[in-house]
Amino acid sequence: MSVFERRLLRDANFGLTGKLFKVSWSFIALLCALASIGYLALYSAAGGAAEPYATRHILRFGFGLVLMISIAMIDIRFIARLSWLSYAVGVGLLVMVLRVGHVGKGAQRWIELGGMQWQPSELMKLALILALAAWFHRASWERMGNPLFLIPPSLAVLLPVGLILKQPNLGTAVITAVVGLTVFIGAGVRWWKVLIVVGMVGAVAPVAYSHLHDYQRARIDIFLNPESDPLGAGYNIIQSKIALGSGGVWGKGFLGGTQGHLNFLPEKQTDFIFTMWAEEFGLVGSYALMALLCLIVVGGMLIALRCRHQFGRLVALGISMNFFMYVFVNLAMVMGAIPVGGVPLPLVSHGGSAMIMVMIGMGVLMSVHVHRDAEFGGGDDDGFGPRRFG
Amino acid sequence: MKREVERTGVFTRRALMIGGAQIATLGVLAAKLYQVQVVEGDRYATLADSNRISARLLAPPRGRLLDRTGVVVAGNRLNWRALLVAEQSGDVAATLDRFAAIVPFADHDRARVERELRRHRRFIPIILREFLTWQEMARVEVHAPDLPGVLVDVGTTREYLFGSSLAHIVGYVAPPAEQDASDDPVLALPGMRVGRAGMERRHDAVLRGRAGAVQLEVNAHGRVIRELDRHEGIQGQDVTLTIDAALQRAVLGRLGEESASAVVLDIRNGDVLAMASNPSFDPSVFNSGVSQAQWVEWTSNRRAPLINKAVAGLYSPGSTYKCVVALAALDAKVMSVGETVNCPGYLDYGDRRYHCWSKGGHGNVDMRQAIKVSCDIYFFESARRIGIDRLAAMSNRFGIGVDLGSDLPGARKGLMPTRAWAAGRGEAWNIGDTIVCGIGQGRVQTTPLALATMAARIASGRMVVPRLTAGPAVVAESLGVPERGLALVRDGMWSVVNEQAGSAPLARLGPLASPSFATAQMAGKTGSVQIRNVTREQREKGYKSENLAWEFRPHALFIAYAPHDAPRYAMALVVEHGNAGAQAAAPIAREIMIDTLLRDPGGQPPPRVQARS
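Protein chains in written order, with the numbering used here: chain A, 1 to 390; chain B, 1 to 613.
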């Protein structure tokens with residue numbers, strides 16, 4: 001290891017100033033821009049008022065930003081050590097929410113804590129990413145070829161996915177599974193093995209459909225033909241498309257959206273906030289917002305690519321994918337391209353706990369970036385069993 | 001280290017693939033968005049508008065009716081209504097239940113609503129309740145979330161500021177009949193009223209106006225957020241009547257408790273200044289619905305409050321008719337001015353004896369005297385000489401038995417018999433029938449309006465045509481009756497009131513506190529119309545009509561004009577079963593004429609025609 005490298009390492013490990021210097025402020029600027037769009041959209045959703053959504057939204061974001069930067073200061077190796085612990089906590093919370101959670105919209109999803117409703121599944125996704133990254137971090141090339149080595153991480157994915165499905169929360173379960181799969185792919189699992197797993201899931205899908213709750217099946221049915229139920233569950237999709245379409249190229253102008261302001265648009269401050277935005281700012285505004293979201297995803301991927309250790313790479317990949325999946329599911333949902341799934345648009349939709357969870361994830365992502373050159377132990381190991389990092 | 005490099009390479013490749021897939025996915029979404037926002041944008045824009053815009057027809061404000069001085073006699077007043085749009089209501093029955101729990105909602109109202117719901121298309125608002133108080137309206141508004149499809153709006157309702165005193169002339173409005181509503185979509189609007197009687201009916205087309213439309217922005221719950229566009233439609237035009245509302249009220253007051261009617265005309269132009277029919281009714285009741293009990297009371301009342309007796313009440317003209325008989329006799333040259341007829345109190349002709357009202361007779365009377373004392377024998381003899389057809393021709397010139405072109409719905413033209421008329425009915429016309437016509441009894445029938453017209457034509461010698469709608473000044477053409485005869489008849493009528501032994505001394509005006517009419521004198525003619533023939537037996541027993549039951553007593557009539565030297569106002573008065581014209585009608589006629597002269601409605605500036613508000 002060269003002297004130069006040692007200096008870098010010291011800089012990375014010691015000195016808060018140095019760490020702050022390494023934070024990607026341009027990435028944070030993108031997040032701030034996204035939250036500002038959220039402020040505007042929520043201001044409009046409240047009928048042209050900062051209350052009750054917009055002010056709280058921006059205050060929460062400020063808090064989340066502090067939280068994010070604080071987490072970014074934590075050594076990624078310390079976070080790595082907590083991977084399996086957080087996984088265990090996540091699974092524990094998921095079990096708990098099934099027993100004592102709040103029922104909302106026909107599903108048990110929430111735990112009340114600190115005046116906010118928390119979805120343990122959000123924490124679970126982050127914990128799963130950490131756990132999978134920790135597992136694959138120490139995977140040697142030979143071991144990756146051993147099918148048995150893939151069984152524990154597969155089970156680690158299936159357990160929380162199963163618990164989330166049981167709530168039932170189809171959207172989050174799918175996102176969780178896709179995020180897990182992404183980490184598998186990033187870790188270098190061979191494509192044919194990936195395809196086998198995907199194929200198996202595809203084969204199970206019809207069976208799963210028959211076991212779905214009625215409201216979930218209704219969502220899928222209406223997705224296939226929204227006009228079949230114009231006043232029922234299909235109403236949301238139809239009204240959302242009307243809002244989007246009537247926005248046209250240039251939109252109806254800020255606070256000028258009729259679909260949103262006249263309450264034709266359901267849940268406009270949460271799930272359908274993008275529709276609200278697109279109705280008022282048109283194709284131009286919605287493309288700008290999509291471009292911003294895309295930049296954040298790309299920024300996360302760049303952090304992954306620039307990281308010099310496998311753990312950080314996989315964590316950054318997983319978190320970026322998680323963010324992307326949020327964006328994709330939400331946008332596709334409001335455009336009527338996939339069934340409505342109760343997935344908010346990160347940092348734009350109203351909702352406290354979701355924002356805090358996103359910002360915690362961004363904190364971990366930024367920690368990867370700050371500690372991108374950290375020297376990691378545990379790589380290329382040749383034995384099973386618990387591993388120590390550092 | 002080599003393996004680490006290899007692993008980094010694999011990760012980089014795969015991360016780039018995943019990143020590419022992500023961007024591609026977003027690209028697909030962007031394309032989808034383009035499809036929705038641009039390619040199908042117009043379609044969705046239309047859908048958004050149809051979501052939020054709800055178009056409704058606006059009932060045009062109904063034109064007002066004004067009296068000749070511009071005073072509003074029929075106007076519009078705000079009316080808060082609860083409407084139901086079935087299409088927006090979902091479960092209509094449940095909504096009606098909840099509505100009934102919030103504000104009073106009678107069962108018959110509910111039955112009507114259910115009937116209308118079946119009749120109208122589901123997007124047509126139906127009136128649940130009208131005339132909501134502020135409190136009721138507030139309650140409905142507060143409960144709006146529980147009352148889907150129920151909306152409160154403000155309409156107008158007809159207001160009759162002179163109530164019963166103008167009821168017969170103004171008429172009333174009522175909801176349109178079903179067949180009307182199918183002709184004109186405006187009539188299907190809730191609260192739309194059409195004129196059902198009187199001038200409201202006569203001028204309905206002008207008063208109604210043309211419907212407007214309003215485009216409202218509504219939210220997802222059907223609540224109106226704001227108005228986007230409004231075409232007020234064309235307000236109904238105001239119509240000015242010739243009536244002087246103050247005089248009308250005074251005249252009706254003079255009729256007191258009698259079952260009577262009176263008409264006052266402006267001789268110069270035929271303007272009907274007052275037309276009272278007593279008893280009257282409250283026209284606003286029709287607007288909100290007439291109760292069964294009220295209807296029975298009206299229709300069974302023998303004083304017939306719903307009938308405008310001034311135009312629809314048919315009476316024999318009685319002795320008032322003698323003026324026309326005199327002119328017909330002169331015209332036919334069967335009587336000369338100075339020729340006398342002896343009146344012994346009766347006239348025997350054929351196998352029948354015709355009695356004069358004066359049992360002892362009047363002795364020798366000439367034409368002027370015959371009018372003054374209302375000698376029956378003179379006019380029996382005149383009529384006999386004239387013959388019915390010539391008498392009818394002269395009567396028609398004075399408005400008896402002809403259509404006066406009255407613009408009031410329900411006006412009747414009365415009857416002036418002729419030989420041809422009798423032949424048409426397959427009846428024989430005997431000379432006796434002609435003789436009784438000579439004193440305005442028998443078949444001849446007329447209305448108070450026609451009697452007033454007759455008085456106006458005698459006074460002016462012109463073809464005065466009565467009118468209720470104000471119009472430009474007209475100069476009526478001459479009747480073509482020689483002035484000499486007219487002057488004689490007028491002199492006779494003057495003597496009836498103003499000379500010693502005239503038949504109606506109670507009608508003498510006396511000095512008036514009016515600059516223009518201080519010394520005005522009234523000319524007039526009494527009339528008493530028997531309902532039943534008086535038999536010989538009754539006469540011998542000392543017949544007195546006062547002793548008869550009310551409905552068998554003779555009608556009391558009086559026609560008059562004033563001032564005698566320069567006639568301005570003509571009038572006719574009929575007091576049903578009032579016994580004698582001289583006693584029952586003349587004093588009232590005097591009061592009415594004094595009211596008219598003091599107010600001098602015709603001397604005021606000419607009425608504004610079709611004035612706008």
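For glycine and all other residues, C-beta sits at the position ideal for the given N, C-alpha and C.
Because the structure is a prediction, the values reported are computed rather than measured.
Three-way DSSP call (helix, strand, coil) for residue i in this model
| i | result |
| --- | --- |
| Asn76 (chain B) | strand |
| Tyr287 (chain A) | helix |
| Val95 (chain A) | helix |
| Asp381 (chain A) | In this prediction, Asp381 (chain A) scores a pLDDT of 44, lower than 50, which makes its location untrustworthy; no coordinate-derived value is stated. |
| Ile111 (chain A) | strand |
| Glu217 (chain B) | strand |
| Ile439 (chain B) | coil |
| His143 (chain B) | coil |
| Gln610 (chain B) | At Gln610 (chain B), the pLDDT of 46 sits below 50, so the modelled position is not reliable; the number obtained from the coordinates is stated separately. Looking at Gln610 (chain B) - three-state DSSP - the assignment turns out to be coil, as it is neither helix nor strand. |
| Gly70 (chain B) | coil |
| Leu117 (chain B) | helix |
Residue closest to residue i, alpha-carbon to alpha-carbon, out of the options
| i | options | result |
| --- | --- | --- |
| Ile338 (chain A) | A:Met325, A:Pro147, A:Pro153 | A:Met325 |
| Val194 (chain A) | A:Arg99, A:Ser154, A:Leu85, A:Ala288 | A:Ser154 |
| Asp192 (chain A) | A:Met144, A:Ala134, A:Thr176 | Just to set this straight, residue 192 (chain A) is Trp in the shown sequence, not Asp. For the residues A:Met144, A:Ala134, A:Thr176, the minimum Cα distance to Trp192 (chain A) belongs to A:Met144. |
| Ile238 (chain A) | B:Asn51, B:Ala312, B:Ala332, B:Phe286 | B:Asn51 |
| Ala49 (chain A) | A:Val368, A:Gln259, A:Phe254 | A:Phe254 |
| Ser24 (chain A) | A:Glu375, A:Phe376, A:Val364 | A:Val364 |
| Met522 (chain B) | B:Ile531, B:Pro515, B:Val496, B:Ala501 | B:Val496 |
| Gly202 (chain A) | A:Val189, A:Phe184, A:Thr182, A:Ala177 | A:Ala177 |
| Leu506 (chain B) | B:Leu451, B:Ala589, B:Leu265, B:Arg467 | B:Ala589 |
| Phe27 (chain A) | A:Leu302, A:Ala332, A:Asn330 | A:Leu302 |
| Arg13 (chain B) | A:Val157, A:Leu113, A:Gly180, A:Arg190 | A:Arg190 |
| Ser319 (chain B) | B:Gln530, B:Gly313, B:Asp600, B:Arg118 | B:Gln530 |
| Tyr354 (chain B) | B:Arg129, B:Gly432, B:Ser280 | B:Gly432 |
| Trp135 (chain A) | A:Glu112, A:Leu126, A:Phe149, A:Gly248 | A:Phe149 |
| Arg226 (chain B) | B:Gly198, B:Gln215, B:Gln235 | B:Gln215 |
| Ile629 (chain B) | B:Gly155, B:Arg397, B:Asp271 | Nothing in the structure corresponds to residue 629 (chain B), since chain B is present only between 1 and 613. |
| Arg77 (chain B) | B:Arg122, B:Ala572, B:Val154 | B:Val154 |
| Phe558 (chain B) | B:Glu4, B:Ala450, B:Val290, B:Pro482 | B:Ala450 |
Nonlocal neighbours in the same chain, by C-beta distance under 6 Å from residue i, ignoring five residues either side
| i | result |
| --- | --- |
| Leu486 (chain B) | Gly461 |
| Met357 (chain A) | Glu122 |
| Thr434 (chain B) | Ala383, Ile388 |
Under 9 Å by beta carbon: chain A residues contacting residue i
| i | result |
| --- | --- |
| Val142 (chain B) | Chain A residues near Val142 (chain B): none, gap ~19 Å exceeds 9 Å. |
| Lys32 (chain B) | Leu331, Ala332, Met335, Gly336, Ala337 |
| Glu40 (chain B) | Lys241, Gly245 |
| Glu217 (chain B) | Thr258, Leu262 |
Under 7 Å by beta carbon: chain A residues contacting residue i
| i | result |
| --- | --- |
| Thr25 (chain B) | Phe328 |
Own chain, CB closer than 7 Å to residue i, minus 5 neighbours either side, in chain order
| i | result |
| --- | --- |
| Phe379 (chain B) | Lys322, Val325, Ala370, Gly438, Ile439 |
| Thr340 (chain B) | Asn364, Val365, Asp366 |
| Ile102 (chain B) | Arg139, Val140, His143 |
| Val71 (chain B) | Ala245 |
Under 8 Å from the C-beta of residue i: neighbouring residues of chain A
| i | result |
| --- | --- |
| Ser51 (chain B) | According to the sequence shown, residue 51 (chain B) is Asn rather than Ser. Under the 8 Å cutoff, chain A gives Gln239, Ile242, Thr258, Gln259, Leu262, Phe264. |
Beta-carbon neighbours of residue i, restricted to chain B and to distances below 7 Å
| i | result |
| --- | --- |
| Cys294 (chain A) | Ile23, Leu26 |
| Ala304 (chain A) | Ala15 |
| Ile185 (chain A) | Arg14, Ile18 |
Own chain, CB closer than 8 Å to residue i, minus 5 neighbours either side, in chain order
| i | result |
| --- | --- |
| Leu41 (chain B) | The sequence as given places Gly at residue 41 (chain B); Leu does not occur at that position. Nothing meets the Cβ criterion. |
Beta-carbon neighbours of residue i, restricted to chain B and to distances below 8 Å
| i | result |
| --- | --- |
| Ala278 (chain A) | Leu33, Gln37 |
| Gly282 (chain A) | Gln37 |
| Ser286 (chain A) | Leu33, Gln37 |
is_contact[residue i, chain E] using C-beta, thresh 8 Å
| i | result |
| --- | --- |
| Thr182 (chain A) | Considering every chain present, this structure includes no chain E. Its protein chains are A and B. |
Interface residues of chain B facing residue i [CB-CB closer than 9 Å]
| i | result |
| --- | --- |
| Gly253 (chain A) | Result: empty, since nearest Cβ-Cβ is about 14 Å, beyond 9 Å. |
*Complete runs of the alpha helix (DSSP H) confined to the segment 231-315 of chain B [at least 4 residues]*: Within the segment 231-315 of chain B, the complete alpha helix (DSSP H) runs of at least 4 residues are 245-254, 284-288, 292-300, 309-312.
*Scan the segment 321-353 of chain B and note each continuous alpha helix (DSSP H) run of 4 residues or more that stays entirely inside, going in chain order.*
322-331
*What are the uninterrupted segments assigned as alpha helix (DSSP H) that are 4 or more residues long and contained completely in the segment 280-355 of chain A, given in chain order?*
310-334
*Could you name each continuous beta strand (DSSP E) segment of 3 residues or more that falls completely within the segment 422-490 of chain B, going from the start of the chain to the end?*
DSSP runs (the beta strand (DSSP E)) wholly in the segment 422-490 of chain B: none.
*asked:* I'd like the ranges of any beta strand (DSSP E) spanning at least 3 consecutive residues and lying wholly in the segment 114-155 of chain A.
replied: DSSP assignment within the segment 114-155 of chain A yields the following whole beta strand (DSSP E) runs of 3 residues or more, N-terminal first: 116-118.
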